[in-house]
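Residue numbers (our numbering): 2 to 320.
Where a beta carbon is used, it is the ideal one built from N, C-alpha and C, also for glycine.
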Ligand SMILES: Cc1ncc(C[n+]2csc(CCOP(=O)(O)OP(=O)(O)O)c2C)c(N)n1
């Protein structure tokens, strides 16, 4: 289903907003004001593209990369919520709010939520619903045994589920090329008896198209799809973890920019101009600024531990 003009502008607003919120949260982590973040910078277009394709009653199982963007794009989760949740002053994007879109949180063990997603799709099928489950995971998780079993079961039973692999080329510091001999992940779908599609994960409109088709297929009872969204991770795996990429490689990772790509596409279609884009950005900046101010001014009133100093944050090692 093609998005109309209003929806396309809303998509840009969600993408630019997610980018700015993610940027601010990442910076506050670098400064030691916040701690423990897995930055989603670079991944935004995947969450936003899928977020616009799903129905509120579809169940989305988020990842630690694009969960916030998904929640924001689906509606009911503001940029202010996203920032304040980092200060413990708003619900996390993983939490399902009363009457809001249906979500399921990840668990700490990578990949273990994928079999749970298959269980949700199966339960919905048993209940006679026409809902679809969408489950997100990384290229590292894709190599977990439980994930293979889950996809095999979903293919066998033709379950209403869409698997979205966010392939950022790394599992912490392990390059994909050292974790699998296969050229890509989408081709694995043949072994599970489902279609596999590769999409540019920086292109929100392309992600939206692929997700829309996969959702329609699942909703029509024709079974699951494996979507491989190829993306670059702009930041190290998580705060305090050294990235093995060179400075040049880190800079190259930022060349594909989802917000710029959507902005250029909308300008080319005559739906957006520089002034309108600037006005949207000014509203976003103001919402995030106010949330940061509120978060920082009231943070110490709670019983939370004192924030880490930048030195302590930099000294963190990964266990
Ligand atoms: C079962 C398990 N093994 C290892 C870890 C530690 N760990 C946390 S995130 C992560 C990398 C996951 O890589 P990927 O699935 O590609 O997602 P990405 O972080 O790149 O988005 C690892 C190894 C874990 N949480 N669970």
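Distance CB(residue i)-CB(residue j) smaller than 8 Å
i	j	result
residue 95	residue 106	yes
residue 169	residue 234	yes
residue 239	residue 39	yes
residue 197	residue 249	no
residue 271	residue 88	no
residue 227	residue 193	yes
residue 44	residue 81	no
residue 20	residue 254	no
residue 316	residue 33	no
residue 245	residue 13	no
residue 131	residue 103	no
residue 18	residue 285	yes
residue 1	residue 61	This structure gives no information on residue 1, because the portion of the chain shown stretches from 2 to 320.
Residue i - containing alpha helix (DSSP H), residue span
i	result
residue 30	6-31
residue 263	259-269
residue 227	Not the alpha helix (DSSP H): residue 227 falls in the beta strand (DSSP E), residues 226-231.
residue 254	248-254
residue 46	45-54
residue 316	311-316
Endpoints, beta strand (DSSP E) assigned at residue i
i	result
residue 299	Element bounds for residue 299: not the beta strand (DSSP E) but the alpha helix (DSSP H), 275-299.
residue 61	60-62
Pick from the options that is closest to residue i, judged by C-alpha positions
i	options	result
residue 242	28, 37, 21	37
residue 219	315, 156, 2	156
residue 22	310, 290, 313	290
residue 135	128, 232, 213, 76	213
residue 150	120, 176, 125	120
residue 231	247, 244, 205	205
residue 110	143, 103, 251	143
residue 203	215, 257, 132	257
residue 41	58, 8, 316, 139	139
residue 208	284, 165, 28	165
residue 269	9, 3, 252	9
residue 117	85, 152, 171	152
residue 184	195, 275, 199	199
residue 133	278, 56, 175	56
residue 311	3, 4, 29, 15	29
residue 293	129, 277, 163, 91	91
residue 46	280, 3, 211	211
residue 201	174, 50, 108	50
residue 154	177, 127, 195	195
residue 221	251, 159, 277, 274	159
residue 309	7, 31, 11, 3	31
residue 4	278, 267, 281	267
residue 115	145, 127, 97, 128	145
Anticipated Cβ contact below 8 Å, residue i with residue j, distance rounded
i	j	result
residue 1	residue 161	Residue 1 cannot be examined here, being either before or after the span of the chain that is shown, 2 to 320.
residue 113	residue 147	6 Å
residue 77	residue 48	15 Å between Cβ atoms; not a contact.
residue 167	residue 137	6 Å
residue 180	residue 172	6 Å
residue 163	residue 237	Contact flag wrong, Cβ pair sits at about 29 Å.
residue 26	residue 16	About 16 Å; that fails the 8 Å criterion.
Counting only runs of 4+ residues fully inside the stretch 158-205, write out the alpha helix (DSSP H) ranges in chain order.
177-180, 190-193
In chain order, what are the residue ranges of uninterrupted alpha helix (DSSP H) at least 4 long that sit wholly in the stretch 73-139?
80-87, 114-127
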